[in-house]
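**Q** Dumping the structure here so I can ask a few things about it.
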Amino acid sequence: MVNSNQAHGKSNAKIILIGEHAVVYGQPAIALPLTTVNVKVTVEDAETESTINSSYFTGKLVDFPVSGIKHLINYLIDKNEIENPLSITIKSDLPAERGMGSSAAVAVALIRAFYTYLGKPLTKTRLLNLANISEKDTHKNPSGLDAATCASEQPIWMVRNQELKTFPIKTHGYLVIADSGIKGKTSQAIAVVKEHLMHNPDETQKLISDLGQLAFNAKDALASDDIEKLGEIFNAAQEILRQLGVSCAQLDDLIALSLENGSLGSKLTGGGKGGCFICLTKSIGDASGLSQALLDAGATQTWIEPLLKEDIHE
Numbered sequence: 001m002v003n004s005n006q007a008h009g010k011s012n013a014k015i016i017l018i019g020e021h022a023v024v025y026g027q028p029a030i031a032l033p034l035t036t037v038n039v040k041v042t043v044e045d046a047e048t049e050s051t052i053n054s055s056y057f058t059g060k061l062v063d064f065p066v067s068g069i070k071h072l073i074n075y076l077i078d079k080n081e082i083e084n085p086l087s088i089t090i091k092s093d094l095p096a097e098r099g100m101g102s103s104a105a106v107a108v109a110l111i112r113a114f115y116t117y118l119g120k121p122l123t124k125t126r127l128l129n130l131a132n133i134s135e136k137d138t139h140k141n142p143s144g145l146d147a148a149t150c151a152s153e154q155p156i157w158m159v160r161n162q163e164l165k166t167f168p169i170k171t172h173g174y175l176v177i178a179d180s181g182i183k184g185k186t187s188q189a190i191a192v193v194k195e196h197l198m199h200n201p202d203e204t205q206k207l208i209s210d211l212g213q214l215a216f217n218a219k220d221a222l223a224s225d226d227i228e229k230l231g232e233i234f235n236a237a238q239e240i241l242r243q244l245g246v247s248c249a250q251l252d253d254l255i256a257l258s259l260e261n262g263s264l265g266s267k268l269t270g271g272g273k274g275g276c277f278i279c280l281t282k283s284i285g286d287a288s289g290l291s292q293a294l295l296d297a298g299a300t301q302t303w304i305e306p307l308l309k310e311d312i313h314e
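Residues in the sequence shown are numbered consecutively from 1, following full-length UniProt numbering.
See the structure below:
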């Protein structure tokens, strides 16, 4: 029997800390959950028909335009033989199409809310398999990285065709994640790298290998509380990404400004050609000051995330 009470589910955003683009060619990448940037879903009984209430759509479930999430909801209803109508509320802090895992985060929070509503246990494997239902509709061939990171509280180490692994970090510091205001162009950026590989294979392959080595170095820096080293790694990675042609003038300008305003290291995150970038700072005060400087310079939104979750309430 289903519960008539409200049931809640929660997930978080994610960013690629390092390794974007190189991961396509077999190099490692690190993804970081942003536990201060959340999606919250509420599932409860409705009186007449199933409805969705969210910032981008409010109305009947049958009219919901986001096919991946709609597919997942209908699957959960059918598979669990839920016959009564439901009211589903989605509250998200995440912007769409900014490389922060928006669709995966909604899926993870939704599944958690449904399983709480049903009073059923939910294993990590089942959660990620279910999230893959909507992610396949959204991304066609998802790596699973978005859903795994949105469901995690620890960073994730990823190498293509290998099992995703979490690892602990010891570095005190704060990330400022900033939205450049330009929609990222992932497919265009991937095509640019492919073109570089065709025309300058040796040079491009070396850049990709160097990015891979920087991911290993970043993992070591995170494990040894070496924030200055991590900042240097961010800057080196950004220079390679710029050489690969996946940055853009606006990102370059905002990143240069961040380095003049307290960032120890800054780089784009995700597909590139726009989207978000990340900046590393030592303290919450530095992060707040930098955040304001970036907003004043044209960034449309910023978030502050401690590297160590124990520093959230510093």
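Here a beta-carbon is modelled for each residue, glycine too, at the ideal position from N, C-alpha and C.
#1: Are residue 271 and residue 109 closer than 9 Å when you measure CB to CB?
#2: By the 10 Å Cβ neighbour count, where 16 or more other Cβ atoms means buried, how is residue 167 classified, buried or exposed?
#3: Under three-state DSSP, which class holds residue 2?
#4: Would you call residue 298 buried or exposed, if buried means 16 or more other Cβ atoms sit within 10 Å of its Cβ?
#5: With a cut-off of 8 Å, do at least 3 Cβ pairs link the region 104 to 121 to the region 10 to 23?
#6: So for residue 25, helix, strand or coil by DSSP?
#7: Kindly indicate which residue of 256, 260, 214 and 76 has the alpha-carbon position closest to the one of residue 23.
#8: Taking residue 275 as the reference, give the member of 35, 48 and 101 with the closest Cα.
#9: What first and last residue would you give for the alpha helix (DSSP H) that runs through residue 267?
#10: Taking the beta carbon of residue 201 as the centre, do at least 16 other beta carbons fall within 10 Å, making it buried, or is it exposed?
#11: Answer with yes or no whether the minimum CB distance from residue 46 to chain D is below 9 Å.
#12: Excluding the 5 residues flanking residue 305 on each side, which residues of the same chain have their C-beta closer than 6 Å to its C-beta?
#13: Report the partner residues of residue 32 according to the DSSP bridge assignment.
#14: Measure from the alpha carbon of residue 263 to the alpha carbon of each residue in 86, 225, 170 and 233, then state which is nearest.
#15: Residue 99: buried (16+ other C-beta within 10 angstroms of its C-beta) or exposed?
#16: Using DSSP with H/G/I as helix, E/B as strand and the rest coil, what is residue 210?
#17: Can you tell me the Cα-Cα spacing of residue 240 and residue 212, whole angstroms?
#18: Mapping the DSSP letters down to three states, classify residue 198 as helix, strand or coil.
#19: Taking only the alpha-carbon atoms, compute the straight-line gap between residue 162 and residue 26 and give it to the nearest angstrom.
#20: Pick from 137, 117 and 151: whose alpha carbon is nearest that of residue 126?
#21: Return the CA-CA distance between residue 295 and residue 277, expressed in angstroms with no decimal places.
#22: Can you tell me which of 282, 144 and 67 puts its alpha carbon nearest to the alpha carbon of residue 171?
#23: According to DSSP, is residue 276 helix, strand or coil?
#24: Taking the alpha-carbon positions, what's the residue 289 to residue 302 distance?
#25: Helix, strand or coil, according to DSSP, for residue 154 in the structure here?
#26: Would residue 273 and residue 184 be called neighbours here (beta carbons separated by less than 9 Å)?
#27: Measure the alpha-carbon distance for residue 285 versus residue 118 and round it to whole angstroms.
#28: My assumption, with CB atoms under 8 Å, is that residue 61 sits in contact with residue 50. Please give the rounded CB distance.
#29: Roughly how many angstroms separate the alpha carbons of residue 3 and residue 66, rounded to a whole number?
**A** So, from the listed chains and residues:
#1: no
#2: exposed
#3: Note that residue 2 scores 46 on pLDDT, short of 50, meaning its location in the model is unreliable; the coordinates nonetheless yield the value given after this. Here residue 2 sits in coil by DSSP.
#4: exposed
#5: Output reads yes: the region 10 to 23 touches the region 104 to 121.
#6: Helix, per DSSP.
#7: 214
#8: In this structure, 101 is the residue among 35, 48 and 101 with its C-alpha nearest to the C-alpha of residue 275.
#9: It is not in any alpha helix (DSSP H) - residue 267 instead sits in the beta strand (DSSP E) that spans 265 to 269.
#10: exposed
#11: The structure shown contains no chain D, having only a single protein chain.
#12: The residues are 34, 36 and 175.
#13: 15
#14: 233
#15: buried
#16: helix
#17: 11 Å
#18: helix
#19: 10 Å
#20: 151
#21: 13 Å
#22: 282
#23: strand
#24: 11 Å
#25: coil
#26: yes
#27: 44 Å
#28: Correct: roughly 4 Å between the Cβ atoms.
#29: The predicted model places residue 3 with a pLDDT of 47, which falls under 50 and marks its position as unreliable, so this point remains unresolved.
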